[in-house]
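Enquirer: From first to last, the protein sequence lines are chains A and B.
Heads up: the first sequence begins at 577 in this note's numbering, then just goes up one per residue.
Heads up: the second sequence begins at 577 in this note's numbering, then just goes up one per residue.
Protein chains: 2
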Amino acid sequence: MQANNNFQEWAKFHQSRMEAVLDRVLPSPEVMPQRLHQAMRYAALGGGKRIRPLLAFAAGEITGAPVERVEAVAAAVEMIHVYSLVHDDLPCMDDDALRRGKPTCHVQFDEATALLVGDSLQSLAFQLMAERTLTHSPSLQLEMIRLLALATGSRGMAGGQAIDLDSVGKTLTQTELEFMHIHKTGALIRASVMLGAHCGQGVDSDLLDAINHYAKCIGLAFQVVDDILDVESSTATLGKTAGKDADSNKPTYVSTLGLGAARQLAEELHQNALSALIDLGDRGRRLVQLADFILRRHS
Amino acid sequence: MQANNNFQEWAKFHQSRMEAVLDRVLPSPEVMPQRLHQAMRYAALGGGKRIRPLLAFAAGEITGAPVERVEAVAAAVEMIHVYSLVHDDLPCMDDDALRRGKPTCHVQFDEATALLVGDSLQSLAFQLMAERTLTHSPSLQLEMIRLLALATGSRGMAGGQAIDLDSVGKTLTQTELEFMHIHKTGALIRASVMLGAHCGQGVDSDLLDAINHYAKCIGLAFQVVDDILDVESSTATLGKTAGKDADSNKPTYVSTLGLGAARQLAEELHQNALSALIDLGDRGRRLVQLADFILRRHS
Chain A
577 MQANNNFQEW AKFHQSRMEA VLDRVLPSPE VMPQRLHQAM RYAALGGGKR
627 IRPLLAFAAG EITGAPVERV EAVAAAVEMI HVYSLVHDDL PCMDDDALRR
677 GKPTCHVQFD EATALLVGDS LQSLAFQLMA ERTLTHSPSL QLEMIRLLAL
727 ATGSRGMAGG QAIDLDSVGK TLTQTELEFM HIHKTGALIR ASVMLGAHCG
777 QGVDSDLLDA INHYAKCIGL AFQVVDDILD VESSTATLGK TAGKDADSNK
827 PTYVSTLGLG AARQLAEELH QNALSALIDL GDRGRRLVQL ADFILRRHS
Chain B
577 MQANNNFQEW AKFHQSRMEA VLDRVLPSPE VMPQRLHQAM RYAALGGGKR
627 IRPLLAFAAG EITGAPVERV EAVAAAVEMI HVYSLVHDDL PCMDDDALRR
677 GKPTCHVQFD EATALLVGDS LQSLAFQLMA ERTLTHSPSL QLEMIRLLAL
727 ATGSRGMAGG QAIDLDSVGK TLTQTELEFM HIHKTGALIR ASVMLGAHCG
777 QGVDSDLLDA INHYAKCIGL AFQVVDDILD VESSTATLGK TAGKDADSNK
827 PTYVSTLGLG AARQLAEELH QNALSALIDL GDRGRRLVQL ADFILRRHS
């Protein structure tokens with residue numbers, strides 16, 4: 577199945593694998609404190625495109641990484657992503673009631689529980705990164721944990737979120753907008769790709785550089801497409817509230833560049849991402865397909 | 577100075593050291609996103625008894641750990657502790673306006689920033705645990721990260737907080753109360769002691785067992801004393817709102833056992849903690865003094 581050339585099947589296979597891994601690593605809803613564990617499972621299971629795990633799996637295939645190792649990394653980045661969604665949806669942040677087509681965690685449970693869900697998912701991600709064997713070298717594994725922590729914290733995802741909050745009602749230049757999104761979305765997407773690649777053995781630095789360049793482009797492209805979809809799609813298609821950014825007066829690629837130029841930027845980033853992979857030939861095909869998938873998604 | 581027998585001086589010295597280390601490892605307020613970094617520094621610097629770092633330093637002295645290693649561990653546990661205070665003080669949790677004698681983080685800044693402060697401090701703690709050399713063996717260091725993650729997450733501190741929330745308005749047995757506090761306060765206090773000890777080299781398992789037993793007793797004693805102080809002290813002395821637990825109808829050791837029995841329990845735990853250290857003789861004196869300090873504090 578994994579060797580199948582069909583991207584849809586490959587993606588479906590790995591999405592199911594991810595669901596099974598998350599189901600296994602999340603504490604049972606029977607374990608104290610039950611309500612917290614139920615809420616963690618509610619937030620993390622049964623939804624999402626699992627783009628970050630797919631990127632990790634695809635990068636791991638290129639570097640010949642054993643799949644059990646990539647699984648742990650994929651679960652960790654997805655838990656960080658889910659924690660960020662749960663906290664972003666809270667009333668003091670984006671105040672959103674709908675996520676992945678379901679009521680958001682604080683609506684389904686309560687605010688305090690949602691706060692603890694995010695906090696606990698972050699801890700669990702680092703626990704997983706520390707307790708599983710991710711690579712042949714414990715020193716490299718420490719470096720991988722550092723990479724995830726940096727991508728997650730105030731100089732990564734959480735920092736991007738802070739800049740996003742500060743930018744409401746302001747007009748940003750394209751450079752400022754890029755800085756914000758390189759942190760908010762780009763950092764974790766890039767970490768997903770790099771962590772998947774690091775699970776392989778004896779990965780040479782040229783290959784890592786190529787994958788890193790790909791990851792940077794795709795991280796930014798992801799956000800440009802998100803901004804375009806926020807304008808173009810309906811709430812039903814997105815599974816989250818559409819038109820949110822414009823309503824909350826947040827600067828986006830569409831508001832900054834206009835729709836046409838935003839589309840063109842997405843296309844350029846797409847091409848740059850593909851160029852980075854040229855030397856990999858057929859080995860890079862899953863990353864190529866994922867770039868296409870990210871660019872052409874409708875939700 | 578470190579060899580000085582006077583506990584007050586030893587504690588003061590290590591509190592200043594901790595302040596300096598935190599000042600160094602927290603991102604500069606000049607670095608983007610500035611407001612978030614200012615808020616992280618506001619929450620973490622210039623206050624607190626630094627009991628967890630002191631426990632780590634004391635345990636590290638017993639196992640002959642280099643102080644630069646214990647510093648990193650001490651800063652990490654303190655950042656986890658501060659993150660938990662910032663989130664606990666939020667309106668959706670304890671809704672508190674005063675902490676360490678200053679306005680709480682969300683009052684001084686805003687709720688969204690306080691949320692991100694807690695999130696980012698957690699990430700930074702794990703970054704520090706991964707990027708510093710904490711011990712001679714990278715495998716043991718991974719085990720130390722796992723220990724901190726477990727103590728922090730849903731089966732540790734955050735889990736204890738969740739049980740605490742669920743217990744409002746309920747009558748708990750002493751066993752239930754103990755379960756809650758072993759998680760809420762005990763887990764991180766125990767981790768502080770154990771992580772400090774692990775920074776030493778070739779630590780034998782009998783010694784670790786003794787320290788672990790001490791840490792368990794002291795973790796629980798800490799909470800019992802907290803509950804007593806909440807009833808007996810004034811807001812001015814505590815630096816946080818006094819009488820909070822009774823007002824919010826939370827079960828405490830005082831409400832469950834009565835004041836006299838709570839005092840007696842604290843004394844028993846104190847004695848148990850000291851008994852665990854008997855074989856260490858003079859090597860255990862800082863931990864003995866810390867037990868006295870925790871039991872006899874007034875805030």
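For every residue, glycine included, the Cβ atom is placed at its ideal position computed from N, Cα and C.
1) Can you have a look at residue 840 (chain A) and say buried or exposed, based on whether 16 or more other CB atoms are within 10 angstroms of its CB?
2) Look at the Cβ atom of residue 736 (chain B), then the Cβ atom of residue 767 (chain B), and state whether they are nearer than 8 Å.
3) Taking 8 Å as the threshold, find out whether the region 676–692 of chain B comes into contact with the region 631–645 of chain B through three or more Cβ pairs.
4) Taking 6 Å as the limit between beta carbons, can you name the residues of its chain near residue 652 (chain B), skipping five residues before and five after?
5) Residue 731 (chain A) by DSSP, collapsed to three states: which one?
6) For the alpha helix (DSSP H) containing residue 771 (chain A), list its first residue and its last residue.
7) Could you list which residues in chain A have their beta carbon closer than 7 Å to that of residue 802 (chain B), in chain order?
8) State the CB to CB distance for the pair residue 738 (chain B) and residue 603 (chain A), rounded to an integer number of angstroms; the pair is presumed to be in contact (CB under 8 Å).
9) For the region 721–733 of chain A, list every residue whose C-beta sits within 7 Å of some C-beta in chain B, in sequence order.
10) Distance, Cα to Cα, residue 579 (chain B) vs residue 743 (chain A)?
11) Quick one: is residue 834 (chain B) buried, meaning 16 or more other Cβ sit within 10 Å of its Cβ, or exposed?
12) Would you identify the three-state DSSP class for residue 816 (chain B), choosing helix, strand or coil?
13) Relative to the C-alpha of residue 592 (chain A), which residue among A:640, A:642, A:650 is closest?
14) Please check if any C-beta of chain B sits within less than 8 Å of the C-beta of residue 681 (chain A).
15) Pull up the distance between the alpha-carbon of residue 817 (chain B) and that of residue 719 (chain B), whole angstroms please.
16) Listed from N- to C-terminal order along the chain, which residues in the region 733–752 of chain B have their beta-carbon within a distance smaller than 7 Å of any beta-carbon of chain A?
17) Near residue 724 (chain A), what residues of its chain come up, given a Cβ to Cβ distance below 8 Å and the 5 sequence neighbours on each side ignored?
18) By DSSP, does residue 675 (chain B) sit in helix, in strand, or in coil?
19) In chain order, what residues of the same chain lie with their CB nearer than 8 Å to the CB of residue 825 (chain B), ignoring the 5 residues before and after it?
20) Give every residue of the same chain whose Cβ lies closer than 8 Å to the Cβ of residue 532 (chain B), excluding the five residues on either side of it in the sequence, and list them in chain order.
21) On the DSSP letters alone, give me the boundaries of the alpha helix (DSSP H) that residue 664 (chain B) sits inside.
22) Output, in chain order, the set of chain B residues within a Cβ distance shorter than 8 Å of residue 611 (chain A).
23) For residue 665 (chain B), count neighbouring C-beta atoms within 10 Å of its own C-beta (all shown protein chains included) and say buried if the count is 16 or more, exposed if not.
24) Taking only beta-carbon positions, decide if residue 784 (chain B) is within less than 8 Å of chain A.
25) Using a Cβ-Cβ cut-off of 8 Å, state whether residue 685 (chain A) counts as contacting chain B.
26) Counting only Cβ pairs nearer than 7 Å, list the residues of chain B close to residue 668 (chain A).
27) When DSSP labels each residue in this structure, what does residue 606 (chain A) get in the three-state scheme?
28) Give a yes or no on whether the C-beta atoms belonging to residue 697 (chain B) and residue 616 (chain B) are separated by under 8 Å.
29) With distances taken Cα to Cα, identify the nearest neighbour of residue 730 (chain A) among B:606, B:753, B:787.
30) Does any CB atom of chain A fall closer than 8 Å to the CB of residue 578 (chain B)?
31) I'd like to know if residue 616 (chain B) contacts chain A, where contact means its C-beta is closer than 8 Å to some C-beta of that chain.
32) So residue 795 (chain A) and residue 806 (chain A) are in contact, right, with Cβ under 8 Å, and what is the actual spacing, rounded?
33) Buried or exposed, going by whether 16 or more other CB atoms sit within 10 Å of the CB of residue 821 (chain B)?
Expert: Judging by the given coordinates:
1) One-based indexing of the first sequence puts residue 840 (chain A) at position 264. The residue in question, residue 840 (chain A), is exposed, as its Cβ has fewer than 16 Cβ neighbours within 10 Å.
2) In the second sequence, counting from the first residue as 1, residue 736 (chain B) sits at position 160. In the second sequence, counting from the first residue as 1, residue 767 (chain B) sits at position 191. Going by C-beta atoms, residue 736 (chain B) is not nearer than 8 Å to residue 767 (chain B).
3) no
4) On the second sequence, residue 652 (chain B) is found 76 positions in, with the first residue counted as 1. Contacts found: 701, 704, 705.
5) Start at 1 with the first residue of the first sequence, and residue 731 (chain A) comes out as number 155. Annotated three-state conformation of residue 731 (chain A) is coil, per DSSP.
6) Residue mapping note: residue 771 (chain A) aligns to position 195 of the first sequence, counting from 1. Taken as a continuous stretch (DSSP letters only), the alpha helix (DSSP H) holding residue 771 (chain A) covers 763–774.
7) Here the question's residue 802 (chain B) lines up with position 226 in the second sequence. By Cβ distance, chain A contributes nothing, its closest Cβ being about 20 Å from residue 802 (chain B), past 7 Å.
8) Position 162 of the second sequence, counting from 1, holds the residue named residue 738 (chain B). Position 27 of the first sequence, counting from 1, holds the residue named residue 603 (chain A). Not confirmed; about 11 Å, so no contact.
9) 721, 722, 725, 726, 728, 729, 730, 731
10) Locating residue 579 (chain B) in the second sequence gives position 3, counting from the first residue. Locating residue 743 (chain A) in the first sequence gives position 167, counting from the first residue. Because residue 579 (chain B) sits at a pLDDT of 45, beneath the cut-off of 50, its placement in the model cannot be relied upon, and the following sentence gives the value as read from the coordinates. The alpha-carbon atoms of residue 579 (chain B) and residue 743 (chain A) are separated by roughly 52 Å.
11) Reading the second sequence from its first residue, position 258 is the one you call residue 834 (chain B). The residue in question, residue 834 (chain B), is exposed, as its Cβ has fewer than 16 Cβ neighbours within 10 Å.
12) Within the second sequence, numbered from 1, the residue matching residue 816 (chain B) stands at position 240. In this structure, residue 816 (chain B) counts as coil in the three-state DSSP scheme.
13) If you number the first sequence from 1, residue 592 (chain A) lands on position 16. Considering only alpha carbons, the answer is A:650.
14) Looking up residue 681 (chain A) in the first sequence gives position 105. No - not a single Cβ of chain B is within 8 Å of the one on residue 681 (chain A).
15) Mapped onto the second sequence, residue 817 (chain B) falls at position 241. Mapped onto the second sequence, residue 719 (chain B) falls at position 143. Taking the straight line joining both Cα atoms gives about 37 Å.
16) 734, 735, 737, 738, 739, 741, 742
17) Taking the first sequence and counting its residues from 1, one reaches residue 724 (chain A) at position 148. So the list reads 652, 653, 656, 701, 702, 705, 767, 771, once near-sequence residues are dropped.
18) Here residue 675 (chain B) refers to the residue found at position 99 of the second sequence. It is a strand residue.
19) Taking the first residue of the second sequence as 1, we reach residue 825 (chain B) at position 249. Closer than 8 Å at Cβ, skipping near neighbours: 744, 745.
20) Given a span of 577 to 875 for chain B in the structure shown, any question on residue 532 (chain B) remains unanswerable.
21) Within the second sequence, numbered from 1, the residue matching residue 664 (chain B) stands at position 88. Annotation for residue 664 (chain B): the continuous alpha helix (DSSP H) segment containing it runs 643–664.
22) For this step, residue 611 (chain A) is matched to residue 35 along the first sequence. Simply 738, 742.
23) Here residue 665 (chain B) refers to the residue found at position 89 of the second sequence. Residue 665 (chain B) comes out buried.
24) Indexing the second sequence from 1 puts residue 784 (chain B) at position 208. Under the Cβ distance rule, residue 784 (chain B) does not count among the residues neighbouring chain A, no pair being separated by less than 8 Å.
25) For the purposes of this step, residue 685 (chain A) is taken as residue 109 along the first sequence, with counting starting at 1. No, no contact with chain B.
26) Position 92 of the first sequence holds residue 668 (chain A). Chain B residues near residue 668 (chain A): 687, 688, 691.
27) One-based indexing of the first sequence puts residue 606 (chain A) at position 30. It is coil, neither helix nor strand.
28) Working through the second sequence from its first residue, we reach residue 697 (chain B) at position 121. Working through the second sequence from its first residue, we reach residue 616 (chain B) at position 40. Taking 8 Å as the Cβ cut-off, residue 697 (chain B) and residue 616 (chain B) qualify as a contacting pair.
29) Here residue 730 (chain A) refers to the residue found at position 154 when the first sequence is read from its first residue. Of B:606, B:753, B:787, the residue nearest in Cα terms is B:606.
30) As a first step, residue 578 (chain B) must be located in the second sequence, where it is residue number 2. Here the model assigns residue 578 (chain B) a pLDDT of 45, short of 50, so the residue's position is not dependable and the matter cannot be decided.
31) Within the second sequence, the letter at position 40 stands for residue 616 (chain B). True, the Cβ-Cβ gap to chain A drops below 8 Å.
32) Here residue 795 (chain A) refers to the residue found at position 219 of the first sequence. Here residue 806 (chain A) refers to the residue found at position 230 of the first sequence. At roughly 17 Å, the Cβ-Cβ gap does not stay under 8 Å, so residue 795 (chain A) and residue 806 (chain A) are not in contact.
33) As a position in the second sequence, residue 821 (chain B) is number 245, starting the count at 1. Burial call: buried.
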